[in-house]
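Structure first, then comments.
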Amino acid sequence: MVSESTETLTLSGSLTAERRALLSPRVDGLVKEVLVDAGYQVKQGDILLRQDAAIARQQLEQVKAATNEAQAAANEAERLVEEAKRLRGDNYISASELANRESNFMLSQAALAAAQAMQNTTAEQLRRHELPAPFSGVISAKMTEVGEWVNRGNQVLELVALEPVRLDVNVPQERFSEITTQTRVEILPDALPSRKLSGKITALVPVSNAQARSFLVRIVVDSEDVTLLPGTSASAVIYIGGDKAKGFLVPRDAVLRHPDGGRSVFVIDSNNRAQRRSVNVGSDSSEGIIITDGLTAEDLVVVRGNEVLRDNDEVEIVSDAR
6 MVSESTETLT
16 LSGSLTAERR
26 ALLSPRVDGL
36 VKEVLVDAGY
46 QVKQGDILLR
56 QDAAIARQQL
66 EQVKAATNEA
76 QAAANEAERL
86 VEEAKRLRGD
96 NYISASELAN
106 RESNFMLSQA
116 ALAAAQAMQN
126 TTAEQLRRHE
136 LPAPFSGVIS
146 AKMTEVGEWV
156 NRGNQVLELV
166 ALEPVRLDVN
176 VPQERFSEIT
186 TQTRVEILPD
196 ALPSRKLSGK
206 ITALVPVSNA
216 QARSFLVRIV
226 VDSEDVTLLP
236 GTSASAVIYI
246 GGDKAKGFLV
256 PRDAVLRHPD
266 GGRSVFVIDS
276 NNRAQRRSVN
286 VGSDSSEGII
296 ITDGLTAEDL
306 VVVRGNEVLR
316 DNDEVEIVSD
326 AR
């Protein structure tokens with residue numbers, strides 16, 4: 006007797022990182038320290054590389070001195086204004102003298118603001134001699150060494166996020182329309198054959214591979230308590246049409262293939278005679294083939310010896326798998 010089964014589609018692919026970055030220095034300069042190597046796990050904000058910043062540090066000290074000088078000048082200009090206001094109240098100085106001191110004070114404030122802006126710019130330039138990790142992950146490649154001169158835009162490190170990981174699979178064009186972002190999917194990592202993980206379809210890319218006649222489906226994997234490495238392989242089990250029964254699962258050997266592309270099976274009638282029945286097939290997996298049309302739940306299907314049977318041949322039931 007055949008058994009009802011949810012139709013599934015099993016597709017293989019490679020796990021990839023959702024985030025991957027080729028890191029470049031933010032300034033031109035000599036590499037002074039490389040604090041990581043391939044395989045190092047890092048957290049967001051960790052310093053990965055330092056460039057020689059001696060000149061930038063000296064420039065910052067000079068700018069700080071200029072800022073201090075501008076601050077002192079502004080303080081003195083403010084003192085002179087306050088003094089002029091008192092003297093003006095007693096008519097010891099003219100109104101024009103007070104106005105002149107107030108003008109000098111405003112100029113000193115502008116000079117101080119410019120000096121502070123320059124100090125901030127120079128401090129930022131100094132910070133840019135360090136390369137921080139933009140996100141947490143693992144260093145997958147190191148492309149520079151201490152002593153090398155690097156320019157902005159030169160790739161020096163590759164950083165890959167360990168989670169979340171995604172699985173990209175190519176779905177045959179005839180099944181693509183049956184899949185949505187709500188379709189249930191399970192992930193079987195080849196590196197962890199005993200684990201079955203849940204997944205979520207996040208993207209259906211409507212651009213086909215013209216040669217393979219397939220479309221890309223992107224799945225984010227819920228890795229739970231395990232670490233999945235980008236680059237390893239996995240399979241996606243996609244439940245076509247949800248969890249309801251879509252057909253009947255029969256062993257592969259039960260289905261006969263015809264030169265015209267048709268499929269058939271032999272079922273046993275109440276008189277123990279074989280009757281050929283044309284069927285439509287769905288997905289094909291290691292567990293068997295799903296028959297989507299042509300069988301009922303009560304049918305007994307011939308599995309062995311069916312290739313030599315003819316209609317109305319008498320058969321003997323040796324096993325009734327239910």
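Residue numbers (our numbering): 6 to 327. Here a beta-carbon is modelled for each residue, glycine too, at the ideal position from N, C-alpha and C.
Check                                                                                                                  : Outcome
Same chain, Cβ closer than 7 angstroms to L314, five either side skipped, listed in chain order                        : F271, A279, V307
Inter-residue Cα distance where the pair is N175 and N317                                                              : 43 angstroms
Opposing strand residues paired with Q280 [DSSP bridges]                                                               : V272
N-terminal and C-terminal residue of the beta strand (DSSP E) that G18 is part of                                      : 13 to 22
L167 to S240 span [Cα, whole Å]                                                                                        : 19 angstroms
Segment contact flag, the stretch 189 to 205 with the stretch 126 to 145, C-beta cutoff 8 angstroms, min 3 pairs       : no
Sequence-distant residues of its chain with Cβ nearer than 6 angstroms to K249 (five each side left out)               : At K249, the pLDDT of 46 sits below 50, so the modelled position is not reliable and the matter cannot be decided from this model.
Helix, strand or coil at I184 [DSSP, three-state]                                                                      : coil
Alpha carbon of E191 to alpha carbon of V242, nearest angstrom                                                         : 5 angstroms
Integer Cβ distance of G299 from S275, believed to fall under 8 angstroms                                              : Not quite, the Cβ-Cβ distance comes to about 18 angstroms (not below 8 angstroms), so this is no contact.
Inter-residue spacing [alpha-carbon to alpha-carbon] between R55 and T127                                              : 17 angstroms
C-alpha distance - V222 paired with R171, whole-angstrom precision                                                     : 10 angstroms
Identity of the residue in T237, L234, N80, A138 nearest G50 by Cα                                                     : A138
Proximal residues to V225 (C-beta, below 6 angstroms), its chain only, five neighbours per side dropped                : P169, R171, K205, T207
Three-state secondary structure assigned by DSSP to E191                                                               : strand
For P264, the residue or residues it bridges with in DSSP                                                              : Answer by DSSP bridge pairing: none, since P264 is not bridged.
Spatial neighbours of E38 in its chain, beta-carbon cut-off 6 angstroms, leaving aside the 5 residues before and after : R55
Cβ neighbour criterion (16 or more within 10 Å) applied to I52                                                         : exposed
C-beta contact flag for V286 and I295 at 8 angstroms                                                                   : yes
Simplified DSSP state of S108, which is helix, strand or coil                                                          : helix
Proximal residues to V86 (C-beta, below 7 angstroms), its chain only, five neighbours per side dropped                 : R106, E107, F110
Beta bridge counterpart(s) of Q46 as assigned by DSSP                                                                  : V143
Distance, N311 Cα to E319 Cα                                                                                           : 12 angstroms
C-alpha distance - P150 paired with E74, whole-angstrom precision                                                      : As written in the sequence, residue 150 is Glu, which differs from the Pro given in the question. So the alpha carbons of these two residues sit roughly 41 angstroms apart.
Candidates S19, R24, L35: closest to G152 by CA position                                                               : L35
Under the three-state DSSP convention, the category A241 falls into                                                    : strand
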